[in-house]
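Working notes, structure below.
In my numbering, the protein residues as written are 10 to 305.
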């Protein structure tokens, strides 16, 4: 089954049937736990109807069938991670793209390449060959409920779950490509410098996803203005509109499924008390926004 609806909008019929690609969320021969660097772990557990309402877009067919509300999607641990995006060529539809940009000339999608291309720095979008054309002509929104980062203290790492203070889904700026060899669309998540909250949490790299303010989401993917003007939208998201809490280290375990509600639940580390817990709102979230109930 080919998604011909994509063609008039300038996209190739890549992921319609999953042909040539496996939307695997399992961990066959689980990869070793990786060294933590930038943003390689996100969540999108909100049910499809609410996602569509929030972003004024509908899931394209059969991408709706490929979408699985997920507490943890990892660009490292999954063989072929797929994440929901709204591409500039189809601004009223949500598609599922492979996470890890595959340039047109590349003929394989392996773990090493996936890790290398999962992120793109906002500062080099217009100077690196791999990113320049997508930044100019192939921008997208990556949809998420939250993301994960690690805090480094005395040679130990502590995982945090970070999200909007209002617990609403948000959009991260991304760039996409189509690869004819693999018949697939793929995406890189754009990162920017950390705001004060993320600088305390992601204190080794001091980076964060380029979360777009709601009023900037459509500006990022529309055709109005110059690409230089659009890159200026990729500023650190205001810390006062974000929240975070420590979680268990289940997310980094080699064995077991990390795509479960427990992975985003608060966990305490007594040794962190003297260092403070930046952004902690783990006890203040309203029941109506409880992530464990938002799937239904």
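The beta-carbon is built from N, C-alpha and C at its ideal position, and this holds for glycine as well.
- Look at residue 173 here: in three-state DSSP terms it is strand.
- Taking a contact as a CB-CB distance under 8 Å, the pair residue 106 and residue 185 counts as one, their CB atoms being some 6 Å apart.
- The alpha-carbon of residue 101 is positioned some 29 Å away from that of residue 248.
- Residues 201 of the same chain have their beta carbon placed closer than 7 Å to that of residue 244, with the five preceding and five following residues left out of the count.
- Counting every other CB atom within 10 Å of its CB across the protein chains shown gives residue 223 a total below 16, marking it as exposed.
- DSSP, read as helix, strand or coil, puts residue 120 in helix.
- Fully enclosed beta strand (DSSP E) runs of no fewer than 3 residues occupy 79 to 83, 91 to 96 and 102 to 108 of the stretch 69 to 111, in order along the chain.
- Within the stretch 201 to 243, the alpha helix (DSSP H) runs of at least 4 residues that lie entirely inside it are, in chain order, 205 to 210, 223 to 230 and 236 to 240.
- In the three-state reduction of the DSSP assignment, residue 64 falls in the helix class, which pools H, G and I.
- Here the alpha carbons of residue 284 and residue 152 stand approximately 32 Å from one another.
- In the three-state scheme derived from DSSP, where H, G and I count as helix and E and B as strand, residue 163 is classed as coil.
- Between residue 197 and residue 129, the C-beta spacing is below 9 Å.
- An exposed status is given to residue 175, since fewer than 16 other beta-carbon atoms sit within 10 Å of its beta-carbon.
- Non-local C-beta neighbours of residue 131 in its own chain, meaning closer than 6 Å and more than five positions away in sequence, comprise 199, 201, 219 and 243, ordered along the chain.
- Under the DSSP assignment, residue 187 falls in the beta strand (DSSP E) whose first and last residues are 179 to 188.
- Taking a cut-off of 8 Å for Cβ pairs, the stretch 164 to 175 and the stretch 85 to 95 do not touch, as fewer than three such pairs fall below it.
- For residue 133, the CB contacts under 8 Å within the same chain, skipping 5 residues up- and downstream, are 140 in chain order.
- Burial is judged here by how many other beta carbons sit within 10 angstroms of a residue's own beta carbon; residue 160 has at least 16 and is buried.
- Only buried fits residue 90, as 16 or more other CB atoms lie within 10 angstroms of its CB.
- In the three-state reduction of the DSSP assignment, residue 127 falls in the coil class, being assigned neither a helical nor a strand state.
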